[in-house]
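Residue numbers (this note's numbering), protein chains in the order written: chain Y, 1 to 72; chain B, 1 to 251; chain F, 1 to 356.
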């Protein structure tokens, strides 16, 4: 099963949390202590090993913040 | 060995989007950008930014862009396409722009079968100017110019653009989609890409109506706004294909 | 020698546009200019060019906007109420630095008005009805020949300044027939390539955007100052006028277009009454020819401004003359075309009143 790797372009994140809402394995969350210059709470993974590389987070992100890689 | 499954489209510039957090303009921009990138037409595309929250679209799409007066995008697109018939031409318009001030230009471009693609972003409100009632606002919907809620006797009913345009002979492809969950987003992408493909094949006028959100002016979180599209807007604006000419009508 | 053909004004305008290298015409029916779109609907097609009757004058000017923004040489034509509808588009084009040619065949106003010739759109043409600090370069020929010559040149002028150019005539010029020669060459003008045009990235370097929006006020001010530089250049280079009988006149008439032709007959009547009257005939209305109005000989007793309106150009005459001479006005409006005798009588009245 492919393991996914997420890269965030955090300066562009607006903390809308659509990625958090739609992640099918529920491993994303908004970290209240982690902010960009615009003041938005940024997104972290609870457990990187659980990422299935489905790409749903990136699909739903309005700001193209997330790049998804999968292992072949 | 890692392989990229999803990255930012080359059809978008590096400029950060100016839309509100969670606004689905961003998702729709991606779908348009990806479609143009995948069809290999970015170099021969001219996009038209209308007036509304998306007025700055001329900074976000990685192709030649023309900003134009409120409502006139379909006429501007006509001028470009008639003089540059091999360019891909698209307009990007909100519901105030297209269904209110721009309705005449849009109807007539469709009626002439102009070989352009209209991306119609319908969020049932005037976003940029602070949340006024739009022609597509729902009955009972409270806005800054209908504070007691839209009243059919005072304001008429929400206008159904896709249904109206389906009666026009020269429309080649017409679909209403939404982006309120991943499955709908993928479907919307297919619709948008199909519209551009029809344009590339010179089949005539194509329009995709996309039900979109306005979290700030609806007074909802981004997630609740998507729910309102799914549960309330689709009852008034049903999703589906309204016209698919299927056969080429232009040579 | 044998190059002249007899043509109706509107049709000559249309043919002159084709000779001037127009790529596309977008317009809408309105009296008294319908022969322009009708002629072009046939001959643009023959030339492999674009003709489209739009659904309104608003739509037409926006089609012009799109075609110009993507690099085409493009025009529209209309008459007074239709030109009113185009003001938004014209302002956007000036603000976005786009070239186009607009033909306005004036009729009586205001509102629906009438269909007879008028000059009551001087303010509309030169002061604009669109928003912001901009100008349209406006030419007001008096004969079909002059109209044809300026039409052929207008596309180059528009391209050179990246600004709308208006050819302003009235219903009389549009409808009458005169002998016209299309063989006069267009003055050569260096036109830089349109590498600013948004016709697709494959056709130029980089990515082009066409826009008139500048939210930062300092940027918008800079943009406006840049436009003003162009307008100063146009003022220096495109001011056109004709002087008729201006060596030491008793009175001077200022008139343009059809009214100027009527005044030419009027000054012959006055010559018989031993009154020497000269005419300053502006050919460009914007930029307005100020210099001849400052340099009138000292023996001149007054200026009579003659317009087919209730007085619009007269303000520019007053500004240019800087109070040096008494100024009177003669006008007919509503579509009424005056007789030369009326103009002659106006001079005689002016003369009599001055003495009293």
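C-beta: ideal position from N, C-alpha, C; glycine also. Note that the structure is a prediction, hence the values are computed from the model and not measured.
### Local conformation of residue 83(B) per DSSP, three classes
helix
### Task
Report the residues of the stretch 43 to 70 of chain Y with a CB closer than 9 angstroms to any CB of chain B, ordered along the chain.
53, 54, 55, 56, 57, 58, 59, 60, 61, 62, 63, 64, 65, 66, 67, 68, 69 and 70
### Cβ of residue 160(F) within 8 angstroms of any chain B Cβ
no
#### Entry: Contact list for residue 75(Y) against chain B, beta-carbon separation under 7 angstroms
Limits of chain Y in this structure are 1 at one end and 72 at the other, which puts residue 75(Y) out of reach.
### Query
In chain Y, what lies closer than 7 angstroms to residue 93(B) by C-beta?
Here the premise fails: no neighbours, minimum Cβ distance about 18 angstroms.
### Query
In chain B, which residues lie less than 7 angstroms from residue 21(Y) when you measure between Cβ atoms?
223
### Task
Give, in chain order, every residue of the stretch 65 to 79 of chain B whose Cβ lies closer than 7 angstroms to some Cβ of chain F.
65, 66, 67, 68, 69, 72, 75, 76, 77, 78 and 79
### Task
Check the Cβ-Cβ distances between residue 12(Y) and every residue of chain B, and say whether any is below 8 angstroms.
So, interface residue.
#### Entry: Minimum Cβ-Cβ distance from residue 28(Y) to chain B less than 8 angstroms
no
#### Entry: Helix, strand or coil at residue 34(Y) according to DSSP, with G and I counted as helix
strand
### Contact belief for residue 231(B) with residue 208(B) at Cβ below 8 angstroms, rounded distance in angstroms
Not quite, the Cβ-Cβ distance comes to about 22 angstroms (not below 8 angstroms), so this is no contact.
### Query
Relative to the alpha-carbon of residue 82(F), which residue among 188(F), 30(F) and 141(F) has its alpha-carbon at the smallest distance?
30(F)
### Task
Report the rounded CA-to-CA distance for residue 105(F) versus residue 333(F), giving the unit in angstroms.
So the two alpha carbons sit approximately 15 angstroms from each other.
### Message
Quick check: what's the CA-CA separation for residue 59(B) versus residue 30(B)?
### Response
14 angstroms
### Query
Between the stretch 192 to 202 of chain F and the stretch 53 to 71 of chain F, do three or more beta carbon pairs fall short of 8 angstroms?
yes
### Query
Who are the neighbours of residue 63(F) on chain B, taking C-beta pairs under 8 angstroms?
75, 76, 78, 79 and 82
### Message
Counting only Cβ pairs nearer than 7 angstroms, list the residues of chain B close to residue 211(F).
### Response
58 and 67
### Task
State yes or no: is the beta carbon of residue 3(B) nearer than 8 angstroms to at least one beta carbon in chain Y?
yes
### Assumed close pair residue 67(Y), residue 22(Y) - CB separation to whole angstroms, cut-off 8 angstroms
Wrong, their Cβ atoms sit about 17 angstroms apart, outside the cutoff.
### Query
Relative to the ligand HEM, is the shortest distance from any of its heavy atoms to the C-beta of residue 4(F) smaller than 7 angstroms?
As presented, the structure is devoid of all ligands, the ligand HEM included, so that no description of it is given.
### Short Cβ contact (8 angstroms threshold) for residue 171(B) with residue 210(B)
The Cβ-Cβ distance between residue 171(B) and residue 210(B) does not fall below 8 angstroms.
### Message
Can you pull the chain B neighbours of residue 149(F), defined as C-beta to C-beta under 7 angstroms?
### Response
What residue 149(F) touches in chain B: nothing, since even the nearest Cβ is about 26 angstroms away.
### Message
On the criterion of 16 or more Cβ atoms from any shown chain inside 10 Å, does residue 7(Y) qualify as buried, or is it exposed?
### Response
exposed
### Query
According to DSSP, what are the bridge partners of residue 41(Y)?
35(Y)
### Query
For chain B, is any of its Cβ atoms less than 8 angstroms away from the one on residue 236(F)?
no
#### Entry: The beta strand (DSSP E) enclosing residue 285(F), as first and last residue numbers
From DSSP, the beta strand (DSSP E) with residue 285(F) extends over 284 to 286.
### Message
Tell me which residues share the same chain as residue 191(B) and place their Cβ nearer than 7 angstroms to its Cβ, disregarding the 5 neighbours each side in the sequence.
### Response
175, 177 and 208
### Task
Please confirm if residue 72(Y) has its CB atom under 8 angstroms from at least one CB of chain B.
yes
### Task
Report the three-state DSSP secondary structure of residue 46(B) (helix, strand or coil).
Residue 46(B): strand per DSSP, three-state reduction.
### Task
Kindly indicate the opening and closing residues of the beta strand (DSSP E) around residue 63(Y).
Run containing residue 63(Y): none; DSSP gives neither H nor E here.
### Query
In terms of residue numbering, what span does the beta strand (DSSP E) encompassing residue 152(B) cover?
Residue 152(B) -> not in any beta strand (DSSP E); alpha helix (DSSP H) instead, spanning 152 to 155.
### Query
For residue 123(B) and chain Y, any beta-carbon pair shorter than 8 angstroms?
no
#### Entry: Beta-carbon proximity list for residue 76(B), same chain, < 7 angstroms, skipping 5 on both sides
48, 66 and 68
### Message
Does residue 182(F) come out as helix, strand or coil in the three-state DSSP assignment?
### Response
coil
#### Entry: chain B contact for residue 201(F) (CB, 8 angstroms cutoff)
yes
### Query
If we call anything under 8 angstroms between Cβ atoms a contact, is residue 251(F) one with residue 301(F)?
yes
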